[in-house]
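Asker: Residue numbers (the working numbering), protein chains in the order written: chain A, 1 to 396; chain B, 1 to 396.
There are 2 protein chains.
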Amino acid sequence: MISVEEAKNIILNATQNFGVEEIPFIKSVGRILKEDIVADRDFPPFNRVSMDGIAVDFNVFQNGQRAFKIEAIQPAGSPQITLQNKENCLEVMTGAVLPNNTNVVIRYEDVVIKNGVASIQVNEVKELQNIHQKGKDRKSGDVLIDKNKVISAAEIGVLATVGKSNIKVAKLPKVIIISTGDELVKVTANPLPHQIRRSNVFTLVSLLERLNISSETDHITDDKPILKQKIVNYLKQFDVLLFSGAVSKGKFDFLPEIFTELGVEKLFHKVTQRPGKPFWFGQTENCKIFAFPGNPNSTFVNCLAYFYPWYYQSVGVEVQEETAILKEDVTFKPNLTYFLQVQLSDKFGHLLATPIQGNGSGDLASLVNADAFIQLPKTEKSLFKQGENFPIIRYR
Amino acid sequence: MISVEEAKNIILNATQNFGVEEIPFIKSVGRILKEDIVADRDFPPFNRVSMDGIAVDFNVFQNGQRAFKIEAIQPAGSPQITLQNKENCLEVMTGAVLPNNTNVVIRYEDVVIKNGVASIQVNEVKELQNIHQKGKDRKSGDVLIDKNKVISAAEIGVLATVGKSNIKVAKLPKVIIISTGDELVKVTANPLPHQIRRSNVFTLVSLLERLNISSETDHITDDKPILKQKIVNYLKQFDVLLFSGAVSKGKFDFLPEIFTELGVEKLFHKVTQRPGKPFWFGQTENCKIFAFPGNPNSTFVNCLAYFYPWYYQSVGVEVQEETAILKEDVTFKPNLTYFLQVQLSDKFGHLLATPIQGNGSGDLASLVNADAFIQLPKTEKSLFKQGENFPIIRYR
C-alpha cells in the first residue's frame, strides 16, 4: 500500500505522448495548443481610429484654429485617404485607418457640425489622441499564445485575428471505460431486487467529456476467461483502459490476476486513501490501465485525482493547485488521506468548503449536493479544524 | 446612459422561456434539468455487503464461536441466498445482497480460511458492520436532484442509477451572431493594409458553446438597406440576435436607427462602463437583441456580464456571485464601472486577482494572459487598493 503522494508521483512519471494533429481553430475550445501562435503583422496593423469623430492636424489646432471644413469621410474598411489641405479635416470612423496628414482625432461629442464645417468645442487636445497606434499592442512576430495552453474563447479570438484557420493541438487519447460486476443491469432495465443499474461508466464518460475526450464503453461479466479475452484485445486497441470494479479482495475480483497473466506491468495496487483504496494502476508498452474500485464515489474521485493530472501532464498542461478553507471542523480517524465532498462558497474572496456528509463511498446521490473534494492529508491527528486550508479538486 | 446595475436589472427582467425538451440523459451534461429526479426505490435497494469477506449471525459470534464452516458464496448480482445453519457462515462479495439469517460481515483481512472453515481473528465485531443498509442513503420517493440544476458528471451517475434514460431539460435558445464592419475580412483571407480579420463572431460562438448553446453566424456589410432586410428576417427566425459593432456614433453605425424603424423596443442604449459603453439592448415580442460594441474586449466582456446572467435567469439557474482580492493597487479615473482583466491565483484559500494591463478595448491578445474580469464599481474615488475585494467574472 502506498500513499496518495507516491501514487501521484508514479502516475505523473508514466505519461504518454498521444501525438499532434491539425484541426480547424473553431473546433478547438478545450483542446491543448501544440504550437506557438505568432502575430502575422503588427496589432493594430495600422494607426487605427478608436473614436468616431474628425481627424485634424495637431499643429493647426495648436495654432488656434477651431473651425475645419470637412473634406471627406474615412470609413472603416476603406483604403487610407489623405487630408489635402491641412486647414481642413476629415470625418473618421472607429476602426478606420487614420488618414494621411492627420494626427489627432476629436470625438463627435466635442464637435458641432454645420454646413460642412466642424467646429471644435474643446480647447485642449493631445497629439495622437483617440488613435490606437500601429503595433502598440503587439509587433509582427511576437508570440501571442504559448504552446500548451488550454484553448478558450479568448484564444479563439486571437487565432481568428492572425488567420490561423487550422492549428496544431494535442491528439486525444483513445480510451475505453469498462465496468464489471454481475449485479449491474442496463439503465433502461427494471432491476431485480438484487440488481442495480450501471452508473459508473456514464459518470466516467462525462468526466472525460469535461476534458474533451470521447470514450468507448463496455460492460464485461464477472467471468475470467471472457474478461481476459476482451482485455487482450483492448490492450492493443486503446491508449487507456479505465476500469470500474473487480480490483478488491472478492472471489470475482479477477482484474489484478488477469493483468499479471497478460504481462501488464503493475505500478501499484492500493493507496492509503478513502474512498478508493484498492485502486490498481499499471501499463504495457502502449497502454495505461487505471483500474478503479467499483463504488461510485471511489470511481469518481479516483478519476479526478489521478486520471485528470495524468492526462494534463501527458499533454503538457500545467495545472495550478487550488485550495479552500474548511468551514467546519472535520473528524476523521483512519490513518488515510481523506477525499471529502464539500460545497464551495465565496466570502470576501475567501473560498470556503462546507463538508457534505454522505453515507460512504456508495452514496452517489451526495455528490449532487457538493461541488468538489477537499483533500485532508494522512496524518496522526484526526481533527481538521475550521479555518485550516487544504487542496481541493472541483468537479463543476 | 444608465449604470451597470440598472442595465443588469433591465436584462434580468426581460427573460425568455425557451420551453422544455426531452433528451437522452447521457447527452445532458451542461444542460439545465427541468424536472425533479426522484429515487425509484430505496438506496441501497437491499442490505448491501460493503466488504469482501464472510457473513455470520451476530449472536453466534457473541456467544464465543470463532470458527465457521462455509456453506456457500453469495456473489454480487445473484438472488439472495439463506444461511441454513446459523453456526455456519457464507462468503459474501462487495455489492452482494446480505444473505438471510446473517447480520455481520467480517472482511477477509480478519479471517483465515482453511479446509472450508473460516476462523475469525478478531474478538470484537459490531452488529450490521460492513453492511450498507437498505434505504440508508435515500428512500424511495426522495428527491435526489432538484429541478433547475446544471447537470454535471455527478448528476449523470444518479440519473443512470434511477433509470432516467430520458430527461426533461430547458430548450436552448436559437441564437444568431452577426458582425458588421466593412474593415472585416474572412479568417482565411489575406487582409489589405486597412483591413482586419473577423474575430468577434468566433469569440462569441465559443462563449456560447460554454453554455452548450450552438449558434449561427453572419457578417453583414455596412449598408443600411441590406442590414435592415436581413434583420427583419432574423427577428422572426431567432430567439436572440447578438450583434458586434455598429452601435456607436459612427456614420455607418446603422443598428440603433434600424431597430427603431423596425419597431424593436429599445430597453437601453449606453451603459456607464468600460469597456463596452455603447451597448444597446432591446426586444420584440419573441426576440431579444443584444447589440455589443465592436471592439473585441467590449464584445467579450459584455457577453459575459449581460448575456450569461440573462440566459441563466431565463432557464431558472441561480448563479453564486464570486469575488476576488486585488493583488495590486489599481488607479482608474473615469466615473465608470471598470471591467478589468485579471489573472487569478490561489493562496491559502484566498482568491487573488492580478491586473493584466492591456492597451484598451482593442487589445484582444491581452485576454490570453488573463482568466477573468474584476468589476470595479463606478465611484468618485479613483484608487482601488490592494487587499480590497470585488466581484469577478471568470471566462476559463
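Built from N, CA and C at the ideal position, the CB exists for glycine as well.
Taking a Cβ distance cut-off of 7 Å, strictly less, list which residues of the segment 131–154 of chain A are near chain B, in chain order.
Answerer: Listed by position, the residues of the segment 131–154 of chain A near chain B (Cβ gap below 7 Å) are H132, K136, D137, R138, L144, I145, S152, A153 and A154.
Asker: Does the count of Cβ pairs from the segment 322–337 of chain A and the segment 385–393 of chain A closer than 8 Å reach three?
Answerer: Yes, the segment 322–337 of chain A is in contact with the segment 385–393 of chain A.
Asker: Of the choices K168(B), D142(B) and T161(B), whose alpha-carbon is the least far from that of K149(B)?
Answerer: Residue mapping note: residue 149(B) aligns to position 149 of the second sequence, counting from 1. That would be K168(B), whose Cα lies nearest to the Cα of K149(B).
Asker: Alpha carbon to alpha carbon, what distance is there between V4(A) and H132(A)?
Answerer: Taking the first residue of the first sequence as 1, we reach residue 132(A) at position 132. Taking the first residue of the first sequence as 1, we reach residue 4(A) at position 4. Each residue's Cα considered, the two are about 53 Å apart.
Asker: Between P355(A) and chain B, is there a C-beta pair that is closer than 9 Å?
Answerer: The sequence position of residue 355(A) within the first sequence is 355, counting from 1. By this cut-off, P355(A) is not an interface position.
Asker: Do you know whose CA, among R197(A), K147(A) and D137(A), lies nearest G163(B)'s CA?
Answerer: Position 163 of the second sequence, counted from the first residue, corresponds to residue 163(B). G163(B) has its Cα closest to that of R197(A), out of R197(A), K147(A) and D137(A).
Asker: For Y338(B), write down the residues that DSSP places opposite it in a beta bridge.
Answerer: Counting from one through the second sequence, the residue named residue 338(B) turns up at place 338. For Y338(B), which the question treats as bridged, DSSP gives the partners R274(B) and L376(B).
Asker: Taking the beta strand (DSSP E) that V324(A) falls in, what are its first and last residues?
Answerer: For the purposes of this step, residue 324(A) is taken as residue 324 along the first sequence, with counting starting at 1. Before going on, a small fix: residue 324(A) reads as Ala here, not Val. Here the beta strand (DSSP E) through A324(A) covers E322 to L326.
Asker: Enumerate in chain order the residues of its own chain whose CB-to-CB distance from I151(A) is below 7 Å, with the five nearest sequence positions on each side excluded.
Answerer: Against the first sequence, residue 151(A) aligns to sequence position 151. Only S28, V29, G30, R31 and L33 meet the Cβ criterion.
Asker: Write down every uninterrupted run of the beta strand (DSSP E) in the segment 206–285 of chain B whose length is 3 residues or greater and which is fully enclosed by it, in chain order.
Answerer: Runs of the beta strand (DSSP E) inside the segment 206–285 of chain B: 215–220, 240–244, 265–269 and 280–283.
Asker: Please list, in chain order, all residues of the same chain as Q343(A) whose beta carbon is under 7 Å from its beta carbon, the five residues on each side excluded.
Answerer: Locating residue 343(A) in the first sequence gives position 343, counting from the first residue. Within the same chain, Q343(A) has close Cβ partners T354, I356, N369, A370 and D371.
Asker: Identify each residue in the segment 14–34 of chain B for which the Cβ-Cβ distance to at least one residue of chain A is less than 7 Å, and report them in chain order.
Answerer: Listed in sequence order: I26 and V29.
Asker: For F281(A) and G135(B), what's the separation of their Cα atoms in angstroms?
Answerer: As a position in the first sequence, residue 281(A) is number 281, starting the count at 1. As a position in the second sequence, residue 135(B) is number 135, starting the count at 1. Distance between the alpha carbons of F281(A) and G135(B) is about 33 Å.
Asker: Would M51(A) pass as a contact of K251(B) if the rule is Cβ separation under 9 Å?
Answerer: As a position in the first sequence, residue 51(A) is number 51, starting the count at 1. As a position in the second sequence, residue 251(B) is number 251, starting the count at 1. No, Cβ-Cβ distance for M51(A) and K251(B) is not below 9 Å.
Asker: Report back the beta-carbon spacing between H194(B) and G77(A) to the nearest angstrom; my notes put them in contact at under 8 Å.
Answerer: In the second sequence, residue 194(B) corresponds to position 194, counting from 1. In the first sequence, residue 77(A) corresponds to position 77, counting from 1. Their Cβ separation, rounded to whole angstroms, is 7 Å, which keeps H194(B) and G77(A) in contact under 8 Å.
Asker: Please return the same chain residues whose Cβ sits closer than 6 Å to the Cβ of K171(B), not counting the five positions on each side in sequence.
Answerer: The count along the second sequence starts at 1 and reaches residue 171(B) at position 171. So the list reads F18, G19 and E21, once near-sequence residues are dropped.
Asker: Can you tell me which of the three DSSP states P193(B) falls into?
Answerer: Here residue 193(B) is taken as the residue at index 193 of the second sequence, counted from 1. DSSP places P193(B) in coil when its eight states are reduced to three.
Asker: Mind listing the chain A neighbours of T284(B)? Cutoff is C-beta to C-beta under 9 Å, in chain order.
Answerer: Residue numbering aside, residue 284(B) sits at position 284 when the second sequence is read from its first letter. Result: empty, since nearest Cβ-Cβ is about 27 Å, beyond 9 Å.
Asker: Could you tell me which chain B residues have their CB closer than 7 Å to the CB of T323(A), listed as they occur along the chain?
Answerer: Here residue 323(A) refers to the residue found at position 323 when the first sequence is read from its first residue. Within chain B, the residues near T323(A) are D346, F348 and G349.
Asker: Which residue's Cα is closest to the Cα of V117(B): E91(B), S140(B), G95(B) and N100(B)?
Answerer: Here residue 117(B) corresponds to residue number 117 of the second sequence, with the count starting at 1. Among E91(B), S140(B), G95(B) and N100(B), the Cα nearest to that of V117(B) is on E91(B).
Asker: Starting from A170(A), follow the beta strand (DSSP E) in both directions and report where the run begins and ends.
Answerer: Position 170 of the first sequence, counted from the start, is the residue given in the question as residue 170(A). Run containing A170(A): N166 to A170, per the beta strand (DSSP E) assignment.
Asker: Once the 5 residues before and after V201(A) are set aside, which same chain residues still bring their CB inside 6 Å of it?
Answerer: Mapped onto the first sequence, residue 201(A) falls at position 201. Answer for V201(A): I177, S179 and T217, listed in chain order.
Asker: Taking a Cβ distance cut-off of 8 Å, strictly less, list which residues of the segment 83–103 of chain B are near chain A, in chain order.
Answerer: Correct list: E91, M93, T94, G95, A96 and V97.
Asker: Count the other C-beta atoms from every protein chain shown that fall within 10 angstroms of the C-beta of Q386(B), then say buried if there are 16 or more, exposed otherwise.
Answerer: As a working mapping, residue 386(B) is identified with position 386 in the second sequence. When all chains shown are included, Q386(B) counts as exposed.
Asker: Based on DSSP bridge pairs, tell me the residues matched to Q74(B).
Answerer: Your numbering for residue 74(B) matches position 74 in the second sequence. V92(B), per the DSSP bridge assignment.
Asker: Taking a contact to mean a Cβ-Cβ separation below 9 Å, would you say I231(A) touches L262(A) in this structure?
Answerer: Indexing the first sequence from 1 puts residue 231(A) at position 231. Indexing the first sequence from 1 puts residue 262(A) at position 262. It is a contact, given that the beta carbons lie within the stated cut-off.
Asker: In three-state DSSP terms, what is G53(B)?
Answerer: Numbered from its first residue, the second sequence carries residue 53(B) at position 53. In this structure, G53(B) counts as strand in the three-state DSSP scheme.
Asker: Who are the neighbours of Q80(A) on chain B, taking C-beta pairs under 8 Å?
Answerer: In the first sequence, residue 80(A) corresponds to position 80, counting from 1. The contacting residues are P193 and H194.
Asker: Considering Cα atoms alone, identify which of P191(B), V97(B) and K347(B) is closest to I81(B).
Answerer: As a working note, residue 81(B) is residue 81 in the second sequence. Minimum Cα distance to I81(B) is reached at V97(B).
Asker: Applying the 10 Å Cβ sphere with the 16-neighbour rule, what's the burial state of K277(A)?
Answerer: Sequence index remark: in the first sequence, residue 277(A) carries index 277 (1-based). K277(A) should be labelled buried.
Asker: Quick check: is the beta carbon of T203(B) nearer than 9 Å to any beta carbon in chain A?
Answerer: If you number the second sequence from 1, residue 203(B) lands on position 203. Judged by the 9 Å Cβ criterion, T203(B) is in contact with chain A.
Asker: How close, in whole Å, do the beta carbons of V271(B) and I289(B) come, if the pair is a contact with beta carbons under 8 Å?
Answerer: Position 271 of the second sequence, counted from the first residue, corresponds to residue 271(B). Position 289 of the second sequence, counted from the first residue, corresponds to residue 289(B). At roughly 15 Å, the Cβ-Cβ gap does not stay under 8 Å, so V271(B) and I289(B) are not in contact.
Asker: Can you grab the Cα-Cα spacing for the pair G349(A) / L326(A), in whole Å?
Answerer: The residue labelled residue 349(A) in the question sits at position 349 within the first sequence. The residue labelled residue 326(A) in the question sits at position 326 within the first sequence. Whole-angstrom Cα-Cα distance: 14 Å.
Asker: For the alpha helix (DSSP H) containing L399(B), list its first residue and its last residue.
Answerer: As displayed, chain B neither begins before 1 nor continues past 396, which places residue 399(B) out of reach and without an answer.
Asker: Less than 9 Å between the beta carbons of L241(B) and A291(B), yes or no?
Answerer: As a first step, residue 241(B) is located in the second sequence; it is residue number 241 there, counting from the start. As a first step, residue 291(B) is located in the second sequence; it is residue number 291 there, counting from the start. Yes; because the gap between Cβ atoms is below 9 Å, this pair is in contact.
Asker: Please list, in chain order, the residues of the segment 367–390 of chain A that have any C-beta partner in chain B closer than 8 Å.
Answerer: Within the segment 367–390 of chain A, the qualifying residues are L367, V368, A370 and N389.
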